[in-house]
Structure formats: structure tokens, C-alpha cells
Amino acid sequence: MEKQERRQKLLENLIYLIIWVVILVSPLLEHKYNGETINWNDIFRAWKMIAPFFILFLINNYVLIPFLLIRKKSWLYLLFSLLTVCLIFALNPFVKLKRPGGMEKHPPREFMMNRPPKEEMPGPKFPMEKEPPRQAMRPPMWQMPGMISPMVNFILTAILVLGLNVAIKLLFKSIRDEHRMKELEKHTLQTELEYLKHQINPHFFMNTLNNIHALIDLDTEKAKETVLELSKMMRYVLYDATQPTLPLAKEIAFLDNYIGLMKLRYTDQVEIGVSLPEEIPNIQIPPLLFISFLENAFKHGISYRRKSFIHLSMEVKENEIECLVINSSFNNATEQHKGIGLENVKKRLRLLYDNDYTLDIQSENNEYRVLLIIPIQS
19 MEKQERRQKL LENLIYLIIW VVILVSPLLE HKYNGETINW NDIFRAWKMI APFFILFLIN
79 NYVLIPFLLI RKKSWLYLLF SLLTVCLIFA LNPFVKLKRP GGMEKHPPRE FMMNRPPKEE
139 MPGPKFPMEK EPPRQAMRPP MWQMPGMISP MVNFILTAIL VLGLNVAIKL LFKSIRDEHR
199 MKELEKHTLQ TELEYLKHQI NPHFFMNTLN NIHALIDLDT EKAKETVLEL SKMMRYVLYD
259 ATQPTLPLAK EIAFLDNYIG LMKLRYTDQV EIGVSLPEEI PNIQIPPLLF ISFLENAFKH
319 GISYRRKSFI HLSMEVKENE IECLVINSSF NNATEQHKGI GLENVKKRLR LLYDNDYTLD
379 IQSENNEYRV LLIIPIQS
């Protein structure tokens, strides 16, 4: 997928390069088409007129679109685009010197100074009435008499540059988003299969069933409750979790049931702390995002010989959900980092949220900490 995105990014930049090369070459082609000798002063003058729009493109393409428009801050994007156009126009003296007729308000200063009197100017003498006319440089079409003013022309051209840039950028973004969604659908199916194979594995169910079997003689009612909780978990994994999103309340209930079942396996030497939201908002999240970290903690953070602990906390904030899992570590952090379930959830997070999430994993002071922050999507 990353290769595909790099290729699309390269193609997008190639399109921009071709467009600007064509624009820069167009003054040369115009001279060629008109059968005129190339006047490099005219060419450089045309390029100077193009330069402000190229600067506008760079600012728009690499600053305004990525940081404002793509992040759905449309009003801020429009405001800063307008300010950028006005600033470039105000700082562009070449535009301000032009009249609609294509003539400068004042001749260049270096031409006014040091100009010899007309009778002392070198060259052949002609009677006044027979002086050969000078070949005036033809102004660009938009500066011909009767055409639009330079200011209006500048604004219209700036709108064209911005609009074309935005159109190309959004086109490639939509292509990338569509490709990402296809990959996500494909990966979701793989995740479900991998989850059944690696996460809720037969070993876990065998241990749970053995615990239930032992409870039948000791506490029949508790054994019944445990079987009921196990059936709820199986229903969630096999049926509910096939949906793209589920209510957060269901995901939290699944985690709570999982912890309750795991407590049957351990003695009081294992401290299991849980802090979940009491009031759960009605929001949707992708299923089975947190269970991999919790299962990883039970797998690697428990010792039957020493005191161990697992702490799970979850907090729902205004625009994000924060989940923290901390477990005791017994010099096996490297192994815990390389779990199959952990790698699967990392890939899934990238597909779901691109770069709009935080996954921070640390191992220090005999503790293994996993912090996951995901945005709340509407």
C-alpha cells in the first residue's frame, strides 16, 4: 500500500512539473509561432510575471492544502488563501507598474538618468518627419488596451492556479482514500480470521472451560454465570465484530467480560485493576481494537512465582478515546513487542486512521505500557 501511495504522489508531482514546464516554455513558443527572433529580455520579463503565481502554488500546495483544507478547515483555508494572494500582489512591484495599455507609468529610473539629449544621441540623423518608427514591444494579450486591469487579471489568474492545484490534490486524495478503503475491507476479513486463530485461541477456551468445570462442584451458580459470559464473548467475536463499527458500550462490555474470565485463572498474587467509563457516550468505533493489547498483557505480564499486575484504564474525551494498558514486565519485553496480534492491530490502525492516531509503547522499570489514542469519528 505504501508503494502505491508513493507512486501516486510521484505521479501528482510529475503532473505539476509538466504544467509549469509548459507555462515557462510558452513565451518561447509564442515567439517561434509568430516567426520572431527570441528576445531574452521579453522572455525574462514574462518569467518574472509568472514567478508570483509559482510562489503562490508552492505555498498552497505544501502549506495551505495539507494543513488546512485536507484537515477540513475550509474557512481558514479560504481566509489564508485570500491573504496570501493579497500579500503576493502587494509585494509584486512588477504588477503595480503596469497600466491596462501595457505601458509603464514611469520609465525605469536608470533610463531617466544618464539619458543624453536627443540631439546628442548617437546614430544617423533623420529629419523629424522622416524619423523611422520604433518597433514597440507588443504587450501580453491581457494588457492590451481595453483589456482587464492587471489587478483583476492577477486575481483571476491566482484563482485559476489555486483551483487547479486543489482539484488535482483532491483527485489524488480521493484515489488514495478509495484504495485505502479497499485495503481496509480486505484487511478486516483477514483480521477476523487472524483474530480467531491467534487471539481467542483454543488454549484460552480450554483453560476457561476447565475453570468452569472446577466451579461446577464448588459454586454452581458462579459456573452458570461464567458460561453465560463466555457465550456473550463468542457471540461478540463471531457475529457482532463483523460490522465495520460498533457502539463503544459493546466493546467495553467485551473487555470487561474478557477480564472477568481471565480472573478465574489467577490467584490473589495477580493484581488486576480496571478503570472504565461509568457513563459511556453513544459513539461508534471499529471493533476489537483494544483486546490485542489486553491479551498481550495477560500472556506476557503474569508470573506464577512473583507478584504481577495488569491495569486497564479507558477515558473518553471530547474528540478522542484514550486506552492505557500497564502490566508487570519480567525481562520479556522484546518478546511482547513482537506478538502477532500486536503487529496485526498496528497495520489495522494505519488503515483505519492513517496518521491520525497515537500508539505509544514503552518498557521501563519492570513495567510495560501501551497507550492508544484514537479519534472519535462522526
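Position one of the sequence shown corresponds to residue 19 (our numbering), numbered consecutively onward. Idealized CB from N, CA, C, for every residue including glycine.
Own chain, CB closer than 8 angstroms to residue i, minus 5 neighbours either side, in chain order
i           : result
residue 251 : 218, 272, 275, 276, 279
residue 99  : 78, 82, 180
residue 371 : 392, 393
residue 270 : 294, 295, 298, 332
residue 234 : 241
residue 25  : none
Own chain residues within Cβ distance below 7 angstroms of residue i, not counting five before or after
i           : result
residue 94  : 86
residue 32  : none
residue 301 : 266, 394
residue 155 : Annotation note: pLDDT 49 at residue 155 (below 50); position unreliable, coordinate value reported separately. These residues qualify, in order along the chain: 60.
residue 91  : none
residue 316 : 280, 328
residue 348 : 321
residue 205 : 365, 366, 369
residue 35  : none
residue 230 : 241, 244, 245
residue 153 : With a pLDDT of only 49 at residue 153, under 50, the local geometry of the prediction cannot be trusted, and the value read off the model is given with reservation. Cβ neighbours of residue 153 beyond the five flanking positions: none.
Endpoints, beta strand (DSSP E) assigned at residue i
i           : result
residue 293 : 288-293
residue 95  : First-last for residue 95: 92-108, but that is the alpha helix (DSSP H), not the beta strand (DSSP E).
residue 377 : 376-382
Distance CB(residue i)-CB(residue j) smaller than 8 angstroms
i           : j           : result
residue 394 : residue 375 : no
residue 71  : residue 170 : no
residue 194 : residue 23  : yes
residue 367 : residue 303 : no
residue 346 : residue 326 : yes
residue 42  : residue 65  : yes
residue 369 : residue 201 : yes
residue 190 : residue 30  : yes
residue 176 : residue 103 : yes
For residue i, the residue or residues it bridges with in DSSP
i           : result
residue 332 : 341
residue 63  : Paired residue(s): none; residue 63 is not in a bridge.
residue 386 : 345, 381
residue 264 : 303
residue 327 : 289
residue 393 : 338
Extent of the continuous alpha helix (DSSP H) to which residue i belongs
i           : result
residue 249 : 238-256
residue 316 : 309-318
residue 43  : 20-51
Beta-carbon proximity list for residue i, same chain, < 6 angstroms, skipping 5 on both sides
i           : result
residue 187 : 83
residue 329 : 291, 344
residue 243 : none
residue 341 : 308, 332, 390
residue 339 : 392
residue 284 : none
residue 174 : none
residue 388 : 311, 343, 379
Check: residue i C-beta below 7 angstroms from any heavy atom of the ligand MG
i           : result
residue 394 : Because no ligand of any kind appears in the structure shown, any question about the ligand MG cannot be addressed here.
Are the region 357-374 and the region 331-338 touching, with three or more C-beta to C-beta distances below 8 angstroms? Short answer: they don't touch.
Should the region 312-326 be called in touch with the region 284-303, which here means at least 3 C-beta pairs below 8 angstroms?
yes
Check whether the region 268-277 touches the region 236-244, counting contact only when three or more Cβ pairs, one atom from each stretch, lie closer than 8 angstroms. no
### Task
Please confirm if the region 69-79 is in contact with the region 45-58, defined as three or more CB-CB distances below 8 angstroms between the two stretches.
no
Count Cβ pairs between the region 292-299 and the region 242-262 that sit closer than 8 angstroms; are there 3 or more?
no
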